[in-house]
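In the working numbering, the protein residues as written are 32 to 166.
Just so it is clear, CB atoms sit at the ideal spot from N, CA and C, and this is done for glycine as well.
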Amino acid sequence: MLRIRNLAALAAVLLVLVAALAGCGGPDMEPETGITAVDDLQGLLDRVTRTVGGARNAATAAEALPVLDGVSEELDMIIDRLPNLSPTARADLSQQAARALPGLKDNARRVANSDGIDVLGPSLNKIVDQVSRLL
């Protein structure tokens, strides 16, 4: 009788544990990696900073264009995921976007006023617009 009670108690604890952990990933995380939209955004913003910082002339700017276009495509994917994110994840994404926008806008102005790398302007302006949509 005691053994049955212990087994029942263990089963109850396991059920509660499974139920509690079942939603751990939630819509805010990719189930396979645990990477969140906020992590994705930070990685993309870092890539933009490195790419624009490395553009010094027309040749390096031409090499940077495909990278910025790829970032733009990935930002579109994050924007598409917005409706499925929890309110907390959307708020975190919005805060991160708000912190990043001033630097992105400064980079866009610098690029627009720099001979040779001004070709990056349209791509960078598109990224600024996309990040603004995350606010």
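Using CA atoms only, rank isn't needed, just tell me which of the options is closest to residue i.
{"i": "A128", "options": "V159, A139 and S103", "result": "V159"}
{"i": "P97", "options": "V150, S163 and L166", "result": "V150"}
{"i": "A92", "options": "A131, S163, L166 and P153", "result": "P153"}
{"i": "P99", "options": "S145, N138, L166 and Q126", "result": "What sits at residue 99 in the sequence shown is Leu, not Pro. Out of S145, N138, L166 and Q126, N138 has the C-alpha closest to the C-alpha of L99."}
How long is the line joining the alpha carbons of residue i and residue j, rounded to whole angstroms?
{"i": "I109", "j": "G147", "result": "31 Å"}
{"i": "L124", "j": "V79", "result": "17 Å"}
{"i": "G85", "j": "L76", "result": "14 Å"}
{"i": "V83", "j": "S117", "result": "32 Å"}
{"i": "A90", "j": "E105", "result": "24 Å"}
{"i": "N88", "j": "E94", "result": "10 Å"}
{"i": "S163", "j": "K157", "result": "10 Å"}
{"i": "D107", "j": "Q161", "result": "7 Å"}
{"i": "G101", "j": "R130", "result": "22 Å"}
{"i": "Q126", "j": "R140", "result": "22 Å"}
{"i": "D111", "j": "N144", "result": "32 Å"}
{"i": "N115", "j": "L72", "result": "16 Å"}
{"i": "L166", "j": "R81", "result": "23 Å"}
Could you name the residues of the same chain whose beta carbon sits closer than 8 Å to that of residue i, not counting the 5 residues immediately before and after it, in chain order?
{"i": "K136", "result": "V159"}
{"i": "S103", "result": "S154, K157, I158 and Q161"}
At what residues does the alpha helix (DSSP H) containing residue i begin and finish?
{"i": "R81", "result": "A68 to G85"}
{"i": "I148", "result": "Here I148 belongs to no alpha helix (DSSP H), and DSSP marks it neither H nor E."}
{"i": "R112", "result": "A89 to R112"}
What three-state label does DSSP hand residue i in the structure shown?
{"i": "L165", "result": "coil"}
{"i": "L116", "result": "coil"}
{"i": "A39", "result": "Per-residue confidence for A39 stands at a pLDDT of 44, beneath the threshold of 50, marking its modelled position as unreliable; the derived number appears in the next sentence. Reduced to three states, the DSSP call for A39 is helix."}
Here's a check: name, in chain order, each residue in its chain whose Cβ is nearer than 7 Å to the Cβ of residue i, leaving out the five neighbours to either side.
{"i": "L113", "result": "R121"}
{"i": "V142", "result": "V83, I148, D149, L151, G152 and L155"}
{"i": "G134", "result": "none"}
{"i": "G74", "result": "none"}
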